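Undergrad: Counting in the numbering used here, the sequence shown runs from 83 upward without gaps. By construction, the Cβ of each residue, glycine as well, lies at the ideal position given by its N, Cα and C atoms. The structure presented is a predicted model; accordingly, all values stated were derived computationally and were not measured.
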Amino acid sequence: MTIIVTGGAGFIGSNFVFHYLKAHPKDRVICLDKLTYAGNLSTLAPVMEDPNFRFVKLDICDREGVYALFEEEHPDVVVNFAAESHVDRSIENPAIFLETNIIGTSVLMDACRKYGIQRYHQVSTDEVYGDLPLDRPDLFFTESTPIHTSSPYSSSKAGADLLVLAYHRTFGLPVTISRCSNNYGPYHFPEKLIPLMIINALHDKPLPVYGEGVNVRDWLYVEDHCRAIDLIIHKGTVGEVYNVGGHNEMKNIDIVKLICKELGKPESLITHVTDRKGHDMRYAIDPTKIHNELGWLPETKFADGIKKTIRWYLDNEAWWAPIISGEYQNYYAQMYGNR
Ligand code: NAD
Ligand code: TYD
């Protein structure tokens, strides 16, 4: 089988490439990635020489390029991770989010229609459900929770999800969608909460917590997400949406305090800064469907996963040091300079 993984030079996509090549040694994996600021070819160095792996630098919005690749490779499965993924950037500049996340998704699905496909899988997010109130811990997102987005990022992901379901209903495209909670683990780009706090703490720099830090996210170790997607593409039902999450809700402030503790850094580094506009309060996934139908359960407990993740950042400065020394400096100054 040949599988195209888009966005495979990013955080979750690269972890998925590693997982997939190991779990399915007879399959070919083609990674298609534009290499935006969030994509790193160095991440894929361990598999570059693997005869079952091919990297192609390509924009998912480039219709001609995408069609040419399909014509050449005849993929059986496409898993679409490629996206603009950072909420704060979507607040600064929504347009590129609509371009990549919605138009790019439609180009990929048009290619699937034109050349034929066994499965198109859309990697979506729990953020399409909006947020839950902090005072209702009994509420969780299920697959039938209404779409109700807050940020340009989540709106673009929701737009893509609706398009995916429309291509299924209108054209009979064999699609599945997964909506996962916040991931953490190796190769997480340091604009996101956990790697940003680890790297700042290592440099004894302020740890910028938005608002009071009481917002809740439901954290899942990235490898557990990769296993869920693998299960869905092989055993999931066409046309279905699967929520993915491990019931691991934590307040941002508690995560940052935990990182300080693990690194032996003082909590006095924590700085409360101006809150994010439209900041979602709480995300919480009900994963009953994927558990009952596909037998998926998370394997990594947060207490272990966060230790493994911190250890990975300590051991892999060679991966993140070049990232934070480049364009990232301008990003950081713009986002946090006057906050
Ligand atoms: P990321 O930002 O780390 O990586 C995105 C990758 O996509 C990069 O390699 C980038 O170069 C590539 N890309 C961007 N635009 C492209 C384009 N036009 N054409 C081709 N490639 C392009 O993102 P991530 O955190 O790995 O997220 C991957 C997917 O998972 C996204 O669709 C995101 O919405 C979804 N998701 C993420 C999380 C999370 O916690 N990070 C949770 C649930 C769902
Ligand atoms: P993030 O990692 O950007 O993921 P998302 O917004 O998609 O959930 O942020 C996680 C939480 O951490 C979110 O509530 C915003 C908060 N946050 C901070 O408090 N400070 C920061 O510097 C960042 C990047 C995020």
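1) For the candidate residues Ile372, Lys390, Lys196, Gly267, whose alpha-carbon lies nearest to that of Ser260?
2) Comparing the CB of Leu396 with every heavy atom of the ligand TYD, is any distance shorter than 6 Å?
3) Are the CB atoms of Thr252 and Asn162 nearer to each other than 7 Å?
4) By the 10 Å Cβ neighbour count, where 16 or more other Cβ atoms means buried, how is Pro272 classified, buried or exposed?
5) Look up His307 in the DSSP assignment and say whether it is helix, strand or coil.
6) Counting along the chain, where does the alpha helix (DSSP H) carrying Gln204 start and finish?
7) With C-beta atoms as the reference, is Asp300 less than 7 Å away from Asn330?
8) So, Gly321 versus His250, is the Cβ gap smaller than 7 Å?
9) Taking the CB atoms as reference points, tell me whether Ala183 and Ala242 lie closer together than 7 Å.
10) Using the C-alpha atoms, what's the distance from Lys383 back to Ser172?
11) Starting from the Cα of Leu114, find the closest Cα among Ser124, Gly293, Ile85 and give me that residue.
12) Can you list, in chain order, the residues of its chain with a C-beta nearer than 7 Å to that of Ile352? Leave out the 5 residues immediately preceding and following it.
13) According to the Cβ coordinates, are Asp208 and Phe223 closer than 7 Å?
14) Going by C-alpha distance, which of Gly419, Asn282, Glu154, Ala310 is nearest Cys437?
15) Under three-state DSSP, which class holds Lys116?
16) Drop a sphere of 10 angstroms on the beta-carbon of Leu255, count the other beta-carbons inside from all chains shown, and report buried for 16 or more, exposed for fewer.
17) Considering only C-alpha positions, which residue in the set Pro380, Cys194, Ser167 is nearest to Tyr235?
18) Under 7 Å Cβ to Cβ from Asp306, same chain only, skipping five residues before and after it: list those, please.
19) Where do the ends of the alpha helix (DSSP H) carrying Leu289 lie?
20) Have a look at Pro32 and Lys108 and give me their C-alpha separation to the nearest angstrom.
21) List the DSSP bridge partners of Thr353.
22) Answer yes or no: the CB of Phe222 versus the heavy atoms of the ligand NAD, is any distance below 6 Å?
23) Please name the residue in Asn297, Arg421, Gln416, Pro404 whose C-alpha comes closest to that of Ala27.
24) Taking its Cβ as the centre, do 16 or more other Cβ atoms sit within 10 Å of His203, making it buried, or is it exposed?
25) Do Arg421 and the ligand TYD come close, with the Cβ less than 6 Å from some heavy atom?
TA: Taking the definition as stated:
1) Ile372
2) no
3) no
4) buried
5) helix
6) Not the alpha helix (DSSP H): Gln204 falls in the beta strand (DSSP E), residues 201-207.
7) yes
8) yes
9) Correcting the residue identity first, residue 183 is Asn in this sequence and not Ala. It is a contact, given that the beta carbons lie within the stated cut-off.
10) 31 Å
11) Ile85
12) Leu289, Val291, Val338
13) yes
14) Any property of residue 437 remains undetermined from this structure, which presents the chain solely from 83 to 421.
15) coil
16) buried
17) Ser167
18) Gly328, Pro380, Glu381, Thr382
19) Run containing Leu289: none in the alpha helix (DSSP H); it sits in the beta strand (DSSP E), 289-292.
20) Not covered by the structure: residue 32. The range shown for the chain is 83 to 421.
21) Pro290
22) no
23) This structure gives no information on residue 27, because the portion of the chain shown stretches from 83 to 421.
24) buried
25) no
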